[in-house]
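Novice:
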Amino acid sequence: MIRIMLLCGTLAFFTACPGNHADILFTEVYRNYGLSNCVEGNYVINTVEEYEDAIGEQEAAAFPVDFTQKTVIGVMMGVMPNGCYDIEIVSVKANETEVLAYVVRTTDDGSGACTQALICPKHFVSIEKTLLPVYFR
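The working numbering runs 47 ahead of the 1-based position in the sequence shown.
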């Protein structure tokens with residue numbers, strides 16, 4: 048047991064030992080700033096119906112996902128007052144018990160010129176099919 052713990056501690060940078068999170072590949076499937084289907088929140092999507100509810104039927108048809116092979120995770124900021132807001136899933140990590148999606152939110156700090164239009168930043172990515180809980184950070 049001690050050897051395994053030392054090995055995991057020594058090689059944690061290179062391996063996914065129990066408890067450690069390893070990077071997993073993800074693919075951007077949808078990114079938009081339009082106001083349609085704008086409901087602030089974090090999304091874990093495993094069916095076409097859930098996908099259509101989240102981004103809209105036409106958008107889902109334009110950006111198809113094979114839900115037999117993929118899970119979609121996404122984030123929406125809600126309605127923002129100008130173009131200086133954004134949201135992006137920048138990294139996804141997993142271990143044997145959970146998936147972690149790391150999200151970067153950009154807000155208007157008042158230091159620059161911004162497009163004066165209402166927007167709804169959205170970002171959705173696909174990962175290999177999973178039934179593990181997904182947590183957003």
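Where a beta carbon is used, it is the ideal one built from N, C-alpha and C, also for glycine.
As the structure is a prediction and not an experimental result, all values here were calculated from the model.
Give the straight-line distance between the Cα atoms of residue 55 and residue 130, rounded to the nearest whole angstrom.
Specialist: Translated into positions along the sequence shown, residue 55 becomes position 8. Translated into positions along the sequence shown, residue 130 becomes position 83. Interpretation of residue 55 is limited by its pLDDT of 39, a score under 50 that renders its predicted location unreliable; the figure taken from the coordinates is listed afterwards. The alpha-carbon atoms of residue 55 and residue 130 are separated by roughly 45 angstroms.
Novice: Please report how far the alpha carbon of residue 106 lies from the alpha carbon of residue 99, in whole angstroms.
Specialist: What you label residue 106 is simply residue 59 of the sequence shown in a count that begins at 1. What you label residue 99 is simply residue 52 of the sequence shown in a count that begins at 1. Going by the C-alpha atoms only, they are around 8 angstroms apart.
Novice: If you run the structure through DSSP and keep just helix, strand and coil, what is residue 95?
Specialist: Locating residue 95 in the sequence shown gives position 48, where the first residue counts as 1. Residue state, collapsed to three classes: helix.
Novice: If you run the structure through DSSP and keep just helix, strand and coil, what is residue 106?
Specialist: Within the sequence shown, the letter at position 59 stands for residue 106. Three-state result, residue 106: helix.
Novice: Identify every residue that forms a DSSP beta bridge with residue 173.
Specialist: The residue you call residue 173 lines up with position 126 of the sequence shown. The partner list for residue 173 (beta bridge, DSSP) reads 74 and 119.
Novice: Beta strand (DSSP E) containing residue 152: first to last residue?
Specialist: Numbered from 1 along the sequence shown, position 105 holds the residue referred to as residue 152. Taken as a continuous stretch (DSSP letters only), the beta strand (DSSP E) holding residue 152 covers 146-153.
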